[in-house]
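Read the structure below first, then the notes.
Residue numbers (my numbering): 5 to 238.
And the structure:
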């Protein structure tokens, strides 16, 4: 194995492991990144946010420096990357309105990755994320942080179960799809008459579409539609 000028051998396992550890920590405070969002204002949040320079800072560090944000790695200015919404950080309560989460970091971290019984869902429209149990797919998501209601039920958008298949079989097949894609992206659809304070009934449920990536090109459960387990609603 040939070393470069720095003496580091390409694909050196120790070098790769060390760099991976650094990638999963905020370069400013050295705290491990996490997908969790603490609603308690007294607690720090360490979700990874992607800066325009390509480096990443945790939510707390970026928030603390919001009046004059700078990258802790290259020290370049770090203005908001979502400029269509707002041009500064001074009066914004949620950094997700200004910066993108670093989905690459969220995907490779063993701390952030779902367990064998959970999937991490990113909400494309609402810039929030949570872990959802495979066993509670019919009440997914259980929580969206930005909603005052905090909790509601949803169903998959635009499709219904083919009654020729047992519900248990369809659920297991859907779980198998999610096991292959532990990171999924959700687009939320509201019914025409949605009243968040009214007790849930099936006709009023919010619906979601689950995609393999945020570009919305392929549904996670596309194969189940092709195999007729899910049918399009007429």
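Beta carbons: idealized from backbone N, C-alpha and C, even for Gly. The structure presented is a predicted model; accordingly, all values stated were derived computationally and were not measured.
In chain order, 75, 78, 80 place their CB closer than 6 Å to the CB of residue 57, counting only its own chain and leaving out the 5 sequence neighbours on each side. Relative to the Cα of residue 224, the nearest Cα in the group 238, 211, 182, 232 belongs to 182. Taking the CA atoms as reference points, residue 60 sits about 9 Å from residue 28. Here residue 160 is buried, its C-beta having at least 16 other C-beta atoms within 10 Å. Close CB contacts of residue 222 within its chain, under the 8 Å cut and outside five residues either way in sequence, are with 215, 216 (chain order). When DSSP states are grouped into helix, strand and coil, residue 180 belongs to the helix group. In this structure, the CA atom of residue 174 is about 16 Å from the CA atom of residue 213. Residues of the same chain with a CB within less than 7 Å of the CB of residue 48, apart from the 5 flanking positions on each side, are 64 in chain order.
Setting aside the 5 residues that flank it on each side, residue 85 is surrounded in the same chain by 54, 55, 56, 102, 103, 104, each with a C-beta closer than 8 Å to its C-beta; the list follows chain order.
Between residue 99 and residue 71, the C-beta gap is not smaller than 8 Å, which leaves the two residues out of contact.
Residue state for residue 102 is assigned as coil, using DSSP reduced to three classes.
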